[in-house]
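Number of protein chains: 2
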Amino acid sequence: MSDPALAPLVTILDDEPEIRRLLTETLEDAGYRTQSFSRARDFEAALKRVTPDVCLVDLSLPDTDGLALVHRLALEQGASVIIISGRAQVQDRVTGLELGADDYITKPFDPAEVVARIRVRLRVPPRDGKSATGDRASFAGWIAHFDRYVLEDEQGQETAFSHAEGEVLRLFLDSPKRLISRPQMMERLGGGVGDSFDRAMDVRISRLRTKLREDPKNPRLIKTIYGAGYIFLSDVSWS
Amino acid sequence: MSDPALAPLVTILDDEPEIRRLLTETLEDAGYRTQSFSRARDFEAALKRVTPDVCLVDLSLPDTDGLALVHRLALEQGASVIIISGRAQVQDRVTGLELGADDYITKPFDPAEVVARIRVRLRVPPRDGKSATGDRASFAGWIAHFDRYVLEDEQGQETAFSHAEGEVLRLFLDSPKRLISRPQMMERLGGGVGDSFDRAMDVRISRLRTKLREDPKNPRLIKTIYGAGYIFLSDVSWS
DNA sequence: CTGAAACCTTTCAAATTGTAACAAGACCGA
DNA sequence: TCGGTCTTGTTACAATTTGAAAGGTTTCAG
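If you read the sequences in order, they're chains A and B.
The working numbering puts the first residue of the first sequence at -3, with every later residue one more than the last.
The working numbering puts the first residue of the second sequence at -3, with every later residue one more than the last.
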């Protein structure tokens, strides 16, 4: 979830204003935050800044292939994707689900059902680590002890990391193998959108990389995607 | 999952023999193990011995209140519950989902859709921290790792590609063997309709071709259709 | 065959990111 | 309180990626 403190964010992508209005109203009444878009391009631009919890997507968009968008969404973002489409053929539904959508609702729809299905997607999946965060994560031979602010390497050797470094590390460890944009980082790490803090971000990452003994030319863990953000490359398991 | 080594187990609880037969056959064709029950009592007895991965439940059972059963199932078992019911009212669906079902399919249903929705439930939930969807596509001896921004050739040798190149590549891989016009690309890749970005597009494709080791005279993968657009020639399979 | 349009590729400059060096605070023990 | 260390943001400059510009090559119509 983008921010546990706030209500879940649901995005709406549909080219019919009437549908957008209806969904927005229903969802806000149900207590969700919403953002709606009429064009795929605007939607994708917004994704660089925020992380929705559920994305409602209409397939029949004028400016993009909706299915390809769904595919990308499901893979790149962590969000649940629900297709809302006028196409009711079984084949449409099957391919939509196949490509990564978590649900498929056909128009005309009942707002109450949409809310119910969104709620299902937001339901906490059988939380295995129920106990309030043992706060330790292992990845690529490292163990990060967030309770002690210490990184432990394969030989058991320990390196301390600071609070600021820990914030960045935790952000990565929470969303491994997924693109994290700079604006998303900013939002999470509090800093304003001033351009001076931009550099501070870099510096934090740079220092973190040093402690993880990254090779600058060939980073194994924190990879930079020029113009897009960063990706943490290793699998992570929390305990 | 009850046993990773075996095919996922799907249970069917429905009092109509014809439905049981149809579902059993479809699901076994799709590669799942199945167990079907006509009475809730038998089903619950079986639960003491096995752990299904997905439970299909008909609500209109003679011997129990189906909703209560669903509720118990969702809470106690870790399994996904899909309701298959003749009751198509929105209110029925909403309460079914509310009480813990993960999906709700109304009769008459198409077996293909049931399979698709089961598959969605079995997909590894993206939030479970461990492995967040590695998405890659293979084509013509190459494997494109979009989670690492790396192209792997037949010998396993890797070449990094940039974000801009990846956008183009993904566009092609999403629609292989289909003409993609330049305006379509523009839309998708964000740039305006200015003439200058037209050239930038060319450059992206050019650089991508280089990394795919295309022969300029005789492109095997990205073919130019003069005056119309491009076609990606190879088959693609995503995983 | 010729010219124009479409497309390719090299070169270059601007934007983005990495990192070293520095300075302002915070924190801590004496 | 004082001095020292640690943390962290800022600045400056290097390195890298990307789009823009420009010139060459291919394709097609007539």
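Just so you know, even glycine gets a beta-carbon here, dropped at the ideal spot from N, CA and C.
Please report the Cβ distance between residue i and residue j, rounded to the nearest whole angstrom; I am assuming they are in contact, meaning their Cβ atoms lie under 8 Å.
| i | j | result |
| --- | --- | --- |
| A:Ile79 | A:Arg117 | Contact flag wrong, Cβ pair sits at about 12 Å. |
| B:Ala108 | A:Val90 | 5 Å |
| B:Thr20 | B:Leu52 | So it is not a contact: roughly 10 Å between Cβ atoms. |
| A:Ser134 | A:Asp98 | Contact flag wrong, Cβ pair sits at about 29 Å. |
| A:Arg132 | A:Val164 | 17 Å between Cβ atoms; not a contact. |
| B:Phe193 | B:Arg166 | With 8 Å as the limit, B:Phe193 and B:Arg166 do not qualify as a contact, their Cβ atoms being about 18 Å apart. |
| A:Asp10 | A:Asp54 | 4 Å |
| B:Leu63 | B:Gly92 | 7 Å |
| B:Val111 | B:Leu23 | 7 Å |
| B:Lys207 | B:Glu154 | Actually they do not touch by this definition, with Cβ atoms about 11 Å apart. |
| A:Ser34 | A:Arg16 | 7 Å |
| B:Val69 | B:Arg29 | As written in the sequence, residue 69 of chain B is Leu, which differs from the Val given in the question. So it is not a contact: roughly 18 Å between Cβ atoms. |
| B:Met197 | B:Arg178 | 7 Å |
Could you give the residue range of the beta strand (DSSP E) that holds residue i?
| i | result |
| --- | --- |
| B:Asp99 | Asp99 to Thr102 |
| A:Leu5 | Leu5 to Leu9 |
| B:Leu147 | Val146 to Glu148 |
| B:Val50 | Val50 to Asp54 |
| B:Ala77 | According to the sequence provided, residue 77 of chain B is Val. The question's Ala does not apply to it. From DSSP, the beta strand (DSSP E) with B:Val77 extends over Ser76 to Ser81. |
| B:Thr155 | Glu154 to Ala156 |
Give the range of the alpha helix (DSSP H) segment to which residue i is assigned.
| i | result |
| --- | --- |
| A:Val86 | Val86 to Glu94 |
| B:Val116 | Pro107 to Leu118 |
| A:Thr22 | Pro13 to Asp25 |
| B:Leu322 | Absent from the model: residue 322 of chain B. The displayed extent of chain B is -3 to 235, so no value can be given. |
| A:Val66 | Gly62 to Glu72 |
| A:Leu43 | Ala36 to Leu43 |
Bridge partners for residue i per DSSP, in chain order?
| i | result |
| --- | --- |
| B:Ala224 | DSSP, once it has assigned bridges, lists no residue as partnering B:Ala224. |
| A:Ala133 | A:Ala140 and A:Trp234 |
| A:Gln31 | A:Thr7 |
| A:Leu57 | Answer is none; A:Leu57 lacks a bridge partner. |
| B:Thr317 | One cannot answer for residue 317 of chain B here, as it falls past the ends of chain B, which runs -3 to 235. |
| B:Ile176 | B:Tyr226 |
| A:Lys213 | None; A:Lys213 has no bridge partner. |
| A:Ile218 | A:Phe228 |
For the ligand SAM, is there any heavy atom lying closer than 7 Å to the beta carbon of residue i?
| i | result |
| --- | --- |
| A:Ile8 | You won't find the ligand SAM in this model; it holds no ligand whatsoever. |
So, do the region 214 to 234 of chain B and the region 131 to 138 of chain B have three or more beta carbon pairs nearer to each other than 8 Å?
Note that the region 214 to 234 of chain B touches the region 131 to 138 of chain B; at least 3 beta-carbon pairs, one per stretch, sit closer than 8 Å.
So, do the region 145 to 155 of chain B and the region 26 to 43 of chain A have three or more beta carbon pairs nearer to each other than 8 Å?
Flag = no, the region 145 to 155 of chain B and the region 26 to 43 of chain A do not touch.
Using a Cβ distance threshold of 8 Å, determine whether the region 174 to 181 of chain A contacts the region 213 to 229 of chain A, with at least three qualifying pairs required.
The count of Cβ pairs closer than 8 Å, one atom from the region 174 to 181 of chain A and one from the region 213 to 229 of chain A, reaches three, so the stretches are in contact.
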